[in-house]
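What the sequence shown shows, in the UniProt record's numbering, is residues 1 to 460, in sequence order. The structure under discussion appears below in the form of C-alpha cells.
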Amino acid sequence: MTDARLADLADRLPHLRLLTDPSDLEHYGRDWTRRWTPAPLAIALPAEVAEVQAIVRWANEHGVAVVPSGGRTGLSGGAVAANGELVLSLERMNRVLAFDAVDRTLSVQAGMTLHAVHEAAREHGLVYPVDFAARGSCSIGGNIATNAGGIRVIRYGNTREWIAGLTVVAGNGELLQLNRGLIKNSSGYDLRQLLIGSEGTLGVVVEATLRLTDPPPPSQVMLLALPNMEALMEVFALFRARLSLQAFEFFTDVALSHVLAHGAQRAIEGDHPYYVVTEFDADEAAQDAALAAFELGMERGWISDGVIAQSDAQAAALWRLREGITESLAPHRPYKNDISLRISALPAFLHEIQGLLGREYPHFEVVWFGHIGDGNLHINVLRPADLSDADFIAQCEHVTKLLAETLQRHGGSISAEHGIGLVKRAYLGSTRSEAEIALMRGVRQVFDPNGILNPGKLFS
1 MTDARLADLA
11 DRLPHLRLLT
21 DPSDLEHYGR
31 DWTRRWTPAP
41 LAIALPAEVA
51 EVQAIVRWAN
61 EHGVAVVPSG
71 GRTGLSGGAV
81 AANGELVLSL
91 ERMNRVLAFD
101 AVDRTLSVQA
111 GMTLHAVHEA
121 AREHGLVYPV
131 DFAARGSCSI
141 GGNIATNAGG
151 IRVIRYGNTR
161 EWIAGLTVVA
171 GNGELLQLNR
181 GLIKNSSGYD
191 LRQLLIGSEG
201 TLGVVVEATL
211 RLTDPPPPSQ
221 VMLLALPNME
231 ALMEVFALFR
241 ARLSLQAFEF
251 FTDVALSHVL
261 AHGAQRAIEG
271 DHPYYVVTEF
281 DADEAAQDAA
291 LAAFELGMER
301 GWISDGVIAQ
311 SDAQAAALWR
321 LREGITESLA
331 PHRPYKNDIS
341 LRISALPAFL
351 HEIQGLLGRE
361 YPHFEVVWFG
371 HIGDGNLHIN
381 VLRPADLSDA
391 DFIAQCEHVT
401 KLLAETLQRH
411 GGSISAEHGI
421 GLVKRAYLGS
431 TRSEAEIALM
441 RGVRQVFDPN
451 GILNPGKLFS
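Right under this line is the structure:
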C-alpha cells in the first residue's frame, strides 16, 4: 500500500478491505465488454453504509475517481476502470435487511445478486418479478443503476416499477433516503427515479426496498419456428390477443447454432431462420387458446413448426435456447448493440435495418435476439478471424453511427437496458435532445459537484 492516498484511506477505515493485487485489479476493473484494459488504483470492498460514505468523502478530498461496481455483467463499459480509478465493489454488502409482510416489501443491500433476491422473496411466498439470464451474477444495485429489464418486461415492466425506496450515497458524500417505501408521495421531485438508470454517475446505491408481488399462475412454455422476420410481429400480435403473455422472446438460426454448439439440445428439427420462446398463463382455457393460435399461425404461413413443453425440465430446456445465447457468444467477444423502439415502430425498423446490416456487414456473422414483446433488440457482431480488433471495432462503430441515425428516425433508443457507459456515449444525442442532455449534466453537477463518480461514463 505505497500510494499515500490509499494509506490515508486505510488509516481512516482500518477494517476496510482493500485489494491491489494485479489479478484483483484486472478482475474488478472490467465488465463484459472486454474492450478496455483494466487499470484501477485499487479495489475497495466496504461492508457497511458508513464505509461507503467515508470512501466517497475521501475520494472528493483527494480527487480520486470512483467506479461503483456490482456484478459487472453490463455490456456498455459502465463498470470499467481503466484510468486509475478506485473501484467501489458492493459485493460484501449482500444481506437481506428486512421483510414487511403488510407492505409486501423486501429491503436488501445493493450487493445481493438477483438470484438471491428471488430466493429471499420466495421464502415469503412472493416474487420479485424482474428476471434475466445473468440473475446468478448481476447485483440488485447494478440492476437499479441501469434500470434493467430482462425477459418479463412485457408482464411486469422494468426495474424502476419495483423500487419502493433507495438509500444512496450521493457524489458529494451525503446520505439520501429516497421515498422510504411509500406508495403515494407527491412531495416534490422523486429523486429515487433520477437515481434509477443513472449508471452510478449521481450516487452509489447502497440499499433498496423492493416491491414484491404474488407468484404468477402456472405457465406454459412454447417454442415456435418462423419462416421470416415479418412473421415475428404477426405471431406476437396473434398470441398477445389470445393469451396472457409472460414473455415473448426471439432469436435467429445463427444464435441457435451457437447455443447448440455450447451444449443445448435441439427442440425442433429442420432449418428455420427465426424462433420464438413464449411463456403464458396456462389454465385450461389458455391451453386451448394457445393451440388455436398456433394452428391459425400455421394456416396463415406465419409459423413453420412448434413444440410445447410437457414438463418443467422441458420448459427449462426450451428457455436455455434463448437464455444461453449471451454465454455461448462470450468467447467470440462480440460487438453488441442493445436498442429499443416502440413496438408499433418495429416492423418498419426491422425492414430497414435488415438491409443496412446486410450491406455494411457482408462478411460478418451477425447474431440477432431480443425481447420482441417490449421492443428491445440485441444485435451481436462477431469478429472475422482475419481482422484485427482495432479494425473490427472501427467498422462496427461506423455501422453503429448509421444504426443510431436509423433509430433516431424511428424514435428509438441506442440503449435499452445496459446503459450508455463508455460504448454508447457518442450516440447519446441520437436519443436525447441537446436541452435534455444539458439538464442531465446539470443534475449530475448537483449530485456530484467534483465529478468523482464514474467519470467518462454517459457523458464525454
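All C-beta atoms, glycine included, are put in the ideal place defined by N, C-alpha and C.
Going by alpha carbons, who is nearest to glycine 324 out of Ser304, Asp391, Val254? Val254
Within its chain, find whatever has a CB closer than 6 Å to the CB of arginine 333; leave out the 5 residues flanking it on each side and keep chain order. Arg34
Enumerate in chain order the residues of its own chain whose CB-to-CB distance from isoleucine 140 is below 7 Å, with the five nearest sequence positions on each side excluded. Val108, Ala110, Met112, Leu114, Val117, Ala208
Exposed or buried, which one is glutamine 177 when buried takes at least 16 other CB atoms within 10 Å? exposed
Considering only the beta carbon of each residue, do residue 471 and arginine 72 sit closer than 8 Å? Residue numbering for the chain in the displayed model covers 1 to 460; residue 471 lies beyond these limits and cannot be assessed.
Within this structure, are the beta carbons of asparagine 83 and alanine 39 separated by less than 8 Å? yes
Proximity below 8 Å, CB of phenylalanine 349 to CB of glycine 270: no
Just the Cα atoms here: how many angstroms apart are histidine 371 and arginine 12? 47 Å
Checking the sheet assignment: what are the DSSP bridge partners for lysine 184? None, per the DSSP bridge assignment.
Range covered by the beta strand (DSSP E) that runs through serine 23: No beta strand (DSSP E) contains serine 23, which is instead part of the alpha helix (DSSP H) from 22-28.
Roughly how many angstroms lie between the CA atoms of alanine 101 and threonine 159, to the nearest whole one? 21 Å
Report yes or no: do the region 234-248 and the region 283-299 share at least 3 C-beta pairs separated by less than 8 Å? yes
Presumed contact (8 Å Cβ cut-off) between asparagine 185 and alanine 164, rounded CB distance: Rounded, the Cβ-Cβ distance is 10 Å, inconsistent with contact.
Indicate the three-state DSSP secondary structure (helix, strand or coil) for isoleucine 308 in the structure shown. strand
Contact set for valine 307: own chain, Cβ-Cβ below 8 Å, skip 5 residues either direction: Met222, Leu223, Ala267, Ile268, Leu318
Do phenylalanine 447 and asparagine 143 have their C-beta atoms within less than 8 Å of each other? no
Nearest to proline 22 by alpha carbon, out of Ala42, Trp32, Thr431? Ala42
Quick one: give me the first and last residue of the alpha helix (DSSP H) that threonine 400 is part of. 389-409
Grab me the residues of proline 455's own chain with a C-beta within less than 7 Å of its C-beta, minus the 5 sequence neighbours each way, in chain order. Ala65
Out of Leu422, Leu329, Leu210, which has the shortest C-alpha to C-alpha gap to isoleucine 379? Leu329
Could you name the residues that DSSP lists as bridge partners for threonine 113? Ser139
Just list the alpha helix (DSSP H) runs in the region 323-387, keeping only unbroken ones of 4 residues or longer that don't cross its boundaries, in chain order. 325-329, 346-360
Closest residue to glycine 419 among Asn376, Gly451, Val381 (Cα-Cα distance): Asn376
Between the region 438-453 and the region 43-62, can you find at least three pairs of beta-carbon atoms closer than 8 Å? yes
Residue from Ala54, Ala316, Leu191 whose Cα sits closest to the Cα of leucine 202: Leu191
Can you tell me whether alanine 208 is helix, strand or coil according to DSSP? strand
Threonine 105 beta carbon less than 8 Å from that of arginine 211: yes
Which of the three DSSP states, helix, strand or coil, is assigned to alanine 286? helix
Should aspartate 374 and glycine 149 be called a contact, given that it needs their Cβ atoms to be closer than 8 Å? yes
With a 10 Å radius around its C-beta and 16 neighbouring C-beta atoms as the bar for buried, classify residue 492 as buried or exposed. Outside the modelled stretch of the chain, which goes from 1 to 460, sits residue 492, for which no answer is possible.
Terminal residues of the alpha helix (DSSP H) in which serine 257 lies: 253-261
Using DSSP's beta-bridge definition, name the partner residues of glycine 157. Per DSSP, none; premise fails for glycine 157.
Cβ neighbour criterion (16 or more within 10 Å) applied to glutamate 161: exposed
With DSSP as the reference, label leucine 243 as helix, strand or coil. coil
Between the alpha carbons of alanine 309 and alanine 315, how many angstroms are there, rounded? 5 Å
Distance, glycine 77 Cα to serine 433 Cα: 23 Å
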